[in-house]
Structure formats: C-alpha cells, structure tokens
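Undergrad: Residue numbers (this note's numbering): -5 to 200.
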C-alpha cells in the first residue's frame, strides 16, 4: 500500500466510504453478522495504512458490536499493483485490530482465491496470522453458489462482476488452476476448500 497518498486523510476516508469497500450487512447460516469486503474496490494506491486503520477503528469495528461475526472477502478482480495492500500492510492492519474483534471473528469466506493467494496463505499466511487463529478460519469459496451453504442468500449483495467471473470459470475451468481437489493434501490442512469434488460448480441447481 502506498505511503505517499496524494489526497488528504479526509478524502481518503471519504473514498473508502464512497466505494463501499467495507459493508456490514446480512448474516450467515449461524446468525452472525457479515462484514463484506470487496478487494477490487480497495484503492490501495491512494489510501495509507494509517488512514485505513483509523477508518476501520472508527467506522467499521464499532458497528460489529461485541457479538460473533464473519467476514466475506471477495477477491475477484484484485490486482497486486492496484488494490493489494502488500504483505507488510496486511500485517500492520491485522495487528491493529482490537483483541475483542479478533476473538469474535468466527470465519472468513474467501471468494475466488486464485493460485497466488492460495500459495500466499499456505506459506506467509501461516506466519502472519496463525498466532491469533485467523489462518484456520479461512474457507476458500471457488464459486458463489458454494457461498450459500454458509451465508443467507438474500441478505448479501454480490457485485455483478463477481457473478460474471463465475460464469467465465464455468467455461474456462483452467482459470481455477486445477488445485481444488488436492489442495488439502498438498498444503496439509486449513484453509479448507468448499468442494473437494471438482472445479465445476452446480449453478443450474441454484
């Protein structure tokens, strides 16, 4: 994440609000609030780590209250140079999250993970997030249809570009990188994969 943002702190916060990168809405099948994060919308080149931490502390975490919650992270369309905060940025942000918020986080549903993010979590993720148990809470979701096994369908908004990407994956299964069926065997455990059967979803049964 760039530390040389060219817009003021107030403008950075307003940008995060306008883009709705973070939105609390809906519940999962266990009745927990959902914090939806759209990775593609995150303006990493314009927003500093400090502003992001302040924004989360003042505008997001208080809305979660003291109850258990889940995170729905949409990785679709994330580009390392445009909207990825970087490894040091991720660690800094995670370290700044209050202990009570970390303790209340029950699950992270990671939609459309790609090969690089899987490898990142399988290596650096163990080092960065294992201490607080976050690593073991990540659940890969290769298709939006698999999400509804965990989340109440009509309560969560999924952007159209995410659905379009799902359709592309149906016709171009190699975009899944063919790692779904053997991921648990290769990397030895969590994060888990929703469907170990195949890289194809069953959208027609939705």
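All C-beta atoms, glycine included, are put in the ideal place defined by N, C-alpha and C.
1) Can you tell which of 50, 96, 58, 156 has its C-alpha closest to the C-alpha of residue 70?
2) Can you tell me where the alpha helix (DSSP H) holding residue 164 begins and where it ends?
3) Can you tell me whether DSSP reads residue 151 as helix, strand or coil?
4) Is residue 56 buried or exposed, if buried means 16 or more other CB atoms sit within 10 Å of its CB?
5) Taking Cβ positions, are residue 146 and residue 23 nearer each other than 8 Å?
6) Based on the DSSP secondary-structure assignment, which residues constitute the bridge partners of residue 67?
7) Report buried or exposed for residue 50, applying the criterion of at least 16 other Cβ atoms within 10 angstroms of its Cβ.
8) If you count every other CB in all the chains shown that lies within 10 Å of the CB of residue 6, and 16 or more means buried, which is it?
9) Does DSSP put residue 112 in a helix, a strand or coil?
10) Is the beta carbon of residue 72 closer than 8 Å to that of residue 34?
11) Could you please give me the residues that DSSP links to residue 140 through a beta bridge?
12) Taking 7 Å as the cut-off, is the C-beta of residue 38 nearer than that to any heavy atom in the ligand HEM?
13) Can you tell me where the alpha helix (DSSP H) with residue 55 in it begins and where it stops?
14) To the nearest angstrom, how far is the alpha carbon of residue 48 from that of residue 4?
15) So if DSSP puts residue 19 in a beta bridge, which residue, or which two residues, is it bridged to?
TA: Based on what the coordinates show:
1) 156
2) It spans 154 to 165 - the alpha helix (DSSP H) in which residue 164 sits, taken as one unbroken run.
3) coil
4) exposed
5) In this structure, residue 23 lies closer than 8 Å to residue 146 by Cβ.
6) Residue 67 has 31, 104 as its beta-bridge partners, per DSSP.
7) buried
8) buried
9) If DSSP states are grouped into helix, strand and coil, residue 112 belongs with the helices.
10) yes
11) None; residue 140 has no bridge partner.
12) Summarising the ligand content, the structure contains no ligands, and the ligand HEM is consequently not present.
13) 55 to 58
14) 11 Å
15) None; residue 19 has no bridge partner.
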